[in-house]
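Chemist: Numbering-wise (UniProt numbering), the sequence shown opens with residue 1 and increments by one.
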Amino acid sequence: MSCTTLQSSLFDSQRDAGSDKESWIEEDIRSYDSPACREPRFIDEKQLRKPSFQEQKEKSRNRRKMGVIISLPLGITRTLVGLVQRFVLRQNKPLRIDLPLPFIPIDVVLVSDASQIVTIARDPDVDRLHAHPTEKLPSWTQWYFSGTRYYNKVHGTWFLAFSPKTESSQYDDRIKHYWDKLDQGFEEAYVKEIAGQVLRNDSEEQIALTLTRMINLRFMSEKSQDAITPEVVGTAREVLKSSLLDALQPGHQRRGVAAQKSLHSFCQRHMEEGKNASDATHNISSASTIVVDAVMTLKKNINTPIEHLFTRKANCPTPSIPRVVTKATTLNGLLSYPAKPGSTILFLSISSAAEQTSSLFFTLGSGSEYRVCAFKDFFYNFMTALQAELKARRSEIRNGTQNGNTAVSYSVNGLKGY
Numbered sequence: 001m002s003c004t005t006l007q008s009s010l011f012d013s014q015r016d017a018g019s020d021k022e023s024w025i026e027e028d029i030r031s032y033d034s035p036a037c038r039e040p041r042f043i044d045e046k047q048l049r050k051p052s053f054q055e056q057k058e059k060s061r062n063r064r065k066m067g068v069i070i071s072l073p074l075g076i077t078r079t080l081v082g083l084v085q086r087f088v089l090r091q092n093k094p095l096r097i098d099l100p101l102p103f104i105p106i107d108v109v110l111v112s113d114a115s116q117i118v119t120i121a122r123d124p125d126v127d128r129l130h131a132h133p134t135e136k137l138p139s140w141t142q143w144y145f146s147g148t149r150y151y152n153k154v155h156g157t158w159f160l161a162f163s164p165k166t167e168s169s170q171y172d173d174r175i176k177h178y179w180d181k182l183d184q185g186f187e188e189a190y191v192k193e194i195a196g197q198v199l200r201n202d203s204e205e206q207i208a209l210t211l212t213r214m215i216n217l218r219f220m221s222e223k224s225q226d227a228i229t230p231e232v233v234g235t236a237r238e239v240l241k242s243s244l245l246d247a248l249q250p251g252h253q254r255r256g257v258a259a260q261k262s263l264h265s266f267c268q269r270h271m272e273e274g275k276n277a278s279d280a281t282h283n284i285s286s287a288s289t290i291v292v293d294a295v296m297t298l299k300k301n302i303n304t305p306i307e308h309l310f311t312r313k314a315n316c317p318t319p320s321i322p323r324v325v326t327k328a329t330t331l332n333g334l335l336s337y338p339a340k341p342g343s344t345i346l347f348l349s350i351s352s353a354a355e356q357t358s359s360l361f362f363t364l365g366s367g368s369e370y371r372v373c374a375f376k377d378f379f380y381n382f383m384t385a386l387q388a389e390l391k392a393r394r395s396e397i398r399n400g401t402q403n404g405n406t407a408v409s410y411s412v413n414g415l416k417g418y
């Protein structure tokens with residue numbers, strides 16, 4: 001008879017016999033010393049101790065492996081179905097790439113339809129990336145954006161356009177400062193200088209220096225008006241542009257991170273006191289890269305109206321803008337299964353939408369006046385002024401009346417339509 005059976009039978013017999021409480025409890029206690037109770041009991045030691053950290057880690061790893069084994073084929077199947085729907089059946093729905101890889105899970109939605117972008121941009125379940133703490137965003141986003149003009153890895157700070165919809169006073173102060181500075185416009189002397197550089201076929205680096213000073217000296221402290229040097233602009237041009245493919249090219253991401261870090265430190269030392277260094281970093285990098293690209297585009301299309309030239313997909317300064325899903329949603333039926341909060345990243349192809357609508361609100365924004373890029377009007381006004389100056393110079397060259405300068409000093413090579 002086992003120990004447990006013996007104890008149970010004694011308990012029942014004593015109780016049924018009407019023994020007093022003390023006597024049958026005493027008898028029950030003595031039964032523990034019986035041979036049956038001294039039988040060895042085999043208990044797994046692992047059940048008696050707390051699992052070690054290594055064992056917990058191994059168990060977690062095994063769960064992840066099992067999750068990948070189950071979810072990866074499903075994700076690949078869903079992605080293939082989406083490709084067929086988009087490119088074979090021509091359905092006007094976003095393309096979702098869902099690959100739950102072990103260490104770099106990817107869940108990206110590519111949106112290129114203008115009306116869908118406007119709807120998504122105002123969707124309450126979608127927000128800018130910094131609506132989630134940086135460390136909780138997918139690891140690949142932290143890796144990529146740390147080499148761009150938008151995010152500083154060392155300080156964990158983002159450019160103001162990535163701030164969430166809940167607009168704090170800090171955001172309000174930053175955007176007001178940005179608007180106020182850009183509303184100052186630009187000096188005509190800069191327009192003439194840049195036009196001369198374009199006509200002389202100066203290098204992009206030379207044009208970048210002039211553009212960067214024109215746009216960004218207003219954000220520097222009074223004692224730092226000479227701080228923007230060719231070396232600073234050269235560093236700024238190493239920062240990644242707006243394409244994930246750029247980061248995948250060998251060495252580009254590493255150089256981008258180093259350049260972003262160096263430029264951010266420069267801005268901390270030289271910007272106006274109390275202002276955000278990430279905003280200044282973005283401004284300098286933008287002026288030295290994408291604005292230079294825009295000037296070179298204008299050079300090749302001098303007769304094309306600005307609102308048409310910079311609403312062509314290939315000419316838009318920023319190809320796409322990211323958003324993050326904050327709640328499980330199918331985006332009003334645009335997705336076949338719900339997006340995952342904090343994990344599903346949307347890339348809104350504003351360059352495609354700009355071409356569809358011929359709207360500068362997509363060239364430098366998400367299609368409406370709501371939180372439109374503060375640089376939009378400045379960009380349009382400057383490009384219009386530069387185009388007019390280039391046309392005037394071209395006319396003077398044609399007529400051989402270069403206001404006291406010899407026409408040989410300038411070249412019309414590259415000015416299409418001459």
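We put the beta carbon where it would ideally sit given N, CA and C, even for glycine. Here the structure is a predicted model, which means the values were calculated and not measured.
On a CA-only basis, which of 345, 365 and 337 is nearest residue 318? Give me that one, please.
Modeler: Looking up residue 318 in the sequence shown gives position 318. Closest option to residue 318, Cα to Cα, is 365.
Chemist: What number of angstroms, rounded off, separates the C-alpha of residue 334 from the C-alpha of residue 269?
Modeler: Residue 334 sits at position 334 when you count from the first residue of the sequence shown. Residue 269 sits at position 269 when you count from the first residue of the sequence shown. The alpha-carbon atoms of residue 334 and residue 269 are separated by roughly 46 Å.
Chemist: Just the Cα atoms here: how many angstroms apart are residue 127 and residue 95?
Modeler: Walking along the sequence shown from the start, residue 127 turns up at place 127. Walking along the sequence shown from the start, residue 95 turns up at place 95. The straight-line gap from Cα to Cα measures roughly 19 Å.
Chemist: With 16 as the cutoff for other CB atoms within 10 Å, does residue 336 come out buried or exposed?
Modeler: The residue you call residue 336 lines up with position 336 of the sequence shown. So residue 336 counts as exposed.
Chemist: Cutting at 8 Å between CB atoms, please list the residues of its own chain near residue 117, excluding the five before and the five after it.
Modeler: Counting from one through the sequence shown, the residue named residue 117 turns up at place 117. So the list reads 111, 348, 349, 350, 353, 362, 366 and 367, once near-sequence residues are dropped.
Chemist: Beta strand (DSSP E) containing residue 323: first to last residue?
Modeler: For the purposes of this step, residue 323 is identified with residue 323 of the sequence shown, where counting begins at 1. 321–325 is the span of the beta strand (DSSP E), which, as asked, contains residue 323.
Chemist: Determine the DSSP secondary structure at residue 73, reduced to helix, strand or coil.
Modeler: Counting from one through the sequence shown, the residue named residue 73 turns up at place 73. Note: residue 73 maps to helix in three-state DSSP.
Chemist: Of all the beta strand (DSSP E) runs that stay within the bounds of the segment 334–384, which reach a length of 3 or more residues?
Modeler: You should have 345–348.
Chemist: Which whole-angstrom value describes the C-beta separation of residue 440 and residue 144, a residue pair presumed to lie in contact below a C-beta threshold of 8 Å?
Modeler: Since the first and last residues shown for the chain are 1 and 418, residue 440 lies out of range.
Chemist: With 16 as the cutoff for other CB atoms within 10 Å, does residue 286 come out buried or exposed?
Modeler: One-based indexing of the sequence shown puts residue 286 at position 286. Looking at its Cβ environment, which holds 16 or more other Cβ atoms inside 10 Å, residue 286 is buried.
Chemist: If contact is defined by three or more beta carbon pairs under 8 Å, each pair taking one atom from either stretch, is the segment 74–82 in contact with the segment 323–334?
Modeler: The segment 323–334 is not in contact with the segment 74–82.
Chemist: Report all residues from its chain with a CB closer than 8 Å to the CB of residue 241; omit the five preceding and five following residues, and keep chain order.
Modeler: The residue given as residue 241 occupies position 241 in the sequence shown. Taken in chain order, the residues that qualify are 148, 289 and 290.
Chemist: Tell me whether residue 89 sits in a helix, a strand or coil according to DSSP, three-state version.
Modeler: On the sequence shown, position 89 is the one that residue 89 refers to. In the structure shown, residue 89 sits in coil (DSSP, three-state: anything other than H, G, I, E or B).
Chemist: For residue 325, verify whether its CB is less than 6 Å away from any heavy atom of the ligand PLP.
Modeler: Judged by which ligands are present, the structure shown has none, so any question about the ligand PLP falls away.
Chemist: DSSP puts residue 149 in a beta bridge; with which residues?
Modeler: In the sequence shown, residue 149 corresponds to position 149, counting from 1. In DSSP, residue 149 forms no bridge with anything.
Chemist: Going along the chain, which residues of its own chain have a beta-carbon closer than 6 Å to the beta-carbon of residue 146, five neighbours each way excluded?
Modeler: Reading the sequence shown from its first residue, position 146 is the one you call residue 146. Excluding positions up to five away in sequence, the list reads 153 and 257.
Chemist: Just to confirm, is the Cβ distance from residue 322 to residue 129 under 7 Å?
Modeler: Within the sequence shown, residue 322 is the residue found at index 322, counting from 1. Within the sequence shown, residue 129 is the residue found at index 129, counting from 1. Contact: yes.
Chemist: From 254, 253 and 279, pick the residue whose C-alpha is nearest to that of residue 265; which is it?
Modeler: Position 265 of the sequence shown, counted from the first residue, corresponds to residue 265. Among 254, 253 and 279, the Cα nearest to that of residue 265 is on 279.
Chemist: In terms of alpha-carbon separation, which member of 138, 191 and 267 lies closest to residue 103?
Modeler: In the sequence shown, counting from the first residue as 1, residue 103 sits at position 103. Minimum Cα distance to residue 103 is reached at 138.
Chemist: What are the boundary residues of the alpha helix (DSSP H) that includes residue 421?
Modeler: In the structure as shown, the chain starts at 1 and stops at 418, and residue 421 therefore has no counterpart that could be examined.
Chemist: Hey, could you find the ends of the alpha helix (DSSP H) residue 248 is sitting in?
Modeler: Taking the sequence shown and counting its residues from 1, one reaches residue 248 at position 248. That run of the alpha helix (DSSP H) goes 244–248.
Chemist: Suppose you measure from the CA of residue 107 to the CA of residue 238; what does that come to, to the nearest Å?
Modeler: As a first step, residue 107 is located in the sequence shown; it is residue number 107 there, counting from the start. As a first step, residue 238 is located in the sequence shown; it is residue number 238 there, counting from the start. Spanning the two alpha carbons is a distance of roughly 28 Å.
Chemist: Report the three-state DSSP secondary structure of residue 110 (helix, strand or coil).
Modeler: Against the sequence shown, residue 110 aligns to sequence position 110. Strand.
Chemist: Would you tell me roughly how many angstroms separate the C-alpha atoms of residue 302 and residue 398, rounded to the nearest one?
Modeler: Walking along the sequence shown from the start, residue 302 turns up at place 302. Walking along the sequence shown from the start, residue 398 turns up at place 398. The straight-line gap from Cα to Cα measures roughly 15 Å.
Chemist: Hey, quick one: how far does the alpha helix (DSSP H) through residue 215 stretch, first residue to last?
Modeler: For this step, residue 215 is matched to residue 215 along the sequence shown. It spans 204–216 - the alpha helix (DSSP H) in which residue 215 sits, taken as one unbroken run.
Chemist: One question on the structure: do residue 140 and residue 151 come within less than 7 Å of each other, judged by their Cβ atoms?
Modeler: On the sequence shown, residue 140 is found 140 positions in, with the first residue counted as 1. On the sequence shown, residue 151 is found 151 positions in, with the first residue counted as 1. Against a cut-off of 7 Å, the Cβ pair of residue 151 and residue 140 comes out as no contact.
Chemist: Alpha carbon to alpha carbon, how far is residue 120 from residue 283? Give it in angstroms, no decimals.
Modeler: On the sequence shown, residue 283 is found 283 positions in, with the first residue counted as 1. On the sequence shown, residue 120 is found 120 positions in, with the first residue counted as 1. Spanning the two alpha carbons is a distance of roughly 26 Å.
Chemist: Rounded C-beta distance between residue 488 and residue 369? I'm assuming under 8 Å.
Modeler: Because the chain here runs from 1 to 418, residue 488 falls outside it and cannot be looked at.
Chemist: Are the C-beta atoms of residue 375 and some chain B residue less than 7 Å apart?
Modeler: Although the question refers to chain B, the structure presented lacks it and comprises just one protein chain.
Chemist: Check the DSSP bridge columns for residue 105 and list the partner residues they point to.
Modeler: Counting from 1 along the sequence shown, the entry for residue 105 is found at position 105. DSSP output for residue 105 lists 100 as bridge partner(s).
Chemist: Given residue 92, which residues of its chain have a CB within under 7 Å of its CB, disregarding the five upstream and five downstream residues?
Modeler: The residue given as residue 92 occupies position 92 in the sequence shown. Closer than 7 Å at the Cβ level, and outside the excluded window around residue 92, lie 113.
Chemist: Return the bridge partner residues of residue 126 from the DSSP annotation.
Modeler: Residue mapping note: residue 126 aligns to position 126 of the sequence shown, counting from 1. Residue 126 pairs with 325.
Chemist: Rounded to a whole number of angstroms, what is the C-alpha to C-alpha distance between residue 341 and residue 244?
Modeler: For the purposes of this step, residue 341 is taken as the residue at position 341 of the sequence shown. For the purposes of this step, residue 244 is taken as the residue at position 244 of the sequence shown. Straight-line Cα distance between these residues: approximately 22 Å.
Chemist: Any idea which residues DSSP pairs residue 95 with across the strands?
Modeler: Here the question's residue 95 lines up with position 95 in the sequence shown. According to DSSP, residue 95 bridges with 110.
Chemist: Using 8 Å for Cβ pairs, my map puts residue 259 next to residue 233. What's the rounded Cβ distance?
Modeler: For the purposes of this step, residue 259 is taken as the residue at position 259 of the sequence shown. For the purposes of this step, residue 233 is taken as the residue at position 233 of the sequence shown. Going by Cβ atoms, the distance from residue 259 to residue 233 rounds to 11 Å, so no, they are not a contact pair.
Chemist: Using the C-alpha atoms, what's the distance from residue 199 back to residue 400?
Modeler: Along the sequence shown, read from residue 1 onward, the residue named residue 400 stands at position 400. Along the sequence shown, read from residue 1 onward, the residue named residue 199 stands at position 199. Roughly 15 Å separates the two Cα atoms.
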